[in-house]
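Participant: Numbering (our numbering), first residue to last: 13 to 163.
To start, I am sharing the structure in question, which I have written as structure tokens.
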């Protein structure tokens, strides 16, 4: 976030003094995408994404655990598919370069997709034990030892 703020500020200053940088807006878009993807993975690690614990808690204990594990399995499967496709696309993008910075490969800028998917999967798996405990009724669904240590 700091890099994005500094980069945009530098671009504004250079534009104000009449020496506009040709690359700053393209890099700002890439940094914003990186911030979004990596921030999403961090939010997953802290269990800060929107969820419906009330819905899960309203179910009978018999259904809570299978629903929790099934939901996590769907999330991990989706992220694995997204990461795999994102990785596959990197080969296609390997010969493309940024317009304003021809030294920078588009594949490098888009590598955020498979990397953040892998980080998101790791976060989901790290939080799985706390979610299973909560589904069994042995813990508070919103509490996570890992999430608490990260705050």
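Glycine included, every Cβ here is placed at the ideal spot set by N, Cα and C.
#1: Can residue 35 and residue 112 be called in contact, C-beta distance under 8 Å?
#2: According to DSSP, is residue 31 helix, strand or coil?
#3: Counting only the same chain and skipping the five closest in sequence on each side, list residues whose C-beta sits under 8 Å from that of residue 38.
#4: Apart from the five residues on each side of it in sequence, which residues of its chain come closer than 7 Å, Cβ to Cβ, to residue 91?
#5: Do residue 136 and residue 84 count as a contact pair if the criterion is CB distance below 8 Å?
#6: Quick check on this structure: which residue in 145, 138, 28, 123 has the alpha carbon closest to the alpha carbon of residue 49?
#7: At the 8 Å Cβ level, is residue 100 part of the contact set with chain C, yes or no?
#8: Excluding the 5 residues preceding and the 5 following residue 106 in the sequence, name in chain order all residues of the same chain whose CB lies nearer than 6 Å to its CB.
#9: In the DSSP assignment, the alpha helix (DSSP H) including residue 98 goes from what residue to what residue?
#10: Taking the C-alpha atoms as reference points, what is the distance between residue 64 and residue 89?
#11: From residue 117 to residue 108, what does the alpha carbon distance come to, in whole angstroms?
#12: Leaving out the 5 sequence neighbours to the left and right, which residues in its chain are closer than 7 Å to residue 72 when beta-carbon positions are compared?
#13: What is the DSSP secondary structure of residue 109, reduced to helix, strand or coil?
#14: Alpha carbon to alpha carbon, how far is residue 2 from residue 104?
#15: Suppose you measure from the CA of residue 86 to the CA of residue 30; what does that come to, to the nearest Å?
Facilitator: Taking the definition as stated:
#1: yes
#2: coil
#3: 110, 111, 112, 113
#4: 129, 132, 133
#5: yes
#6: 123
#7: Checking the listed chains, one finds no chain C in this structure; it contains a single protein chain.
#8: 119
#9: 73-105
#10: 20 Å
#11: 6 Å
#12: none
#13: strand
#14: The shown model of the chain, from 13 to 163, leaves out residue 2, and the question about it has no answer.
#15: 52 Å
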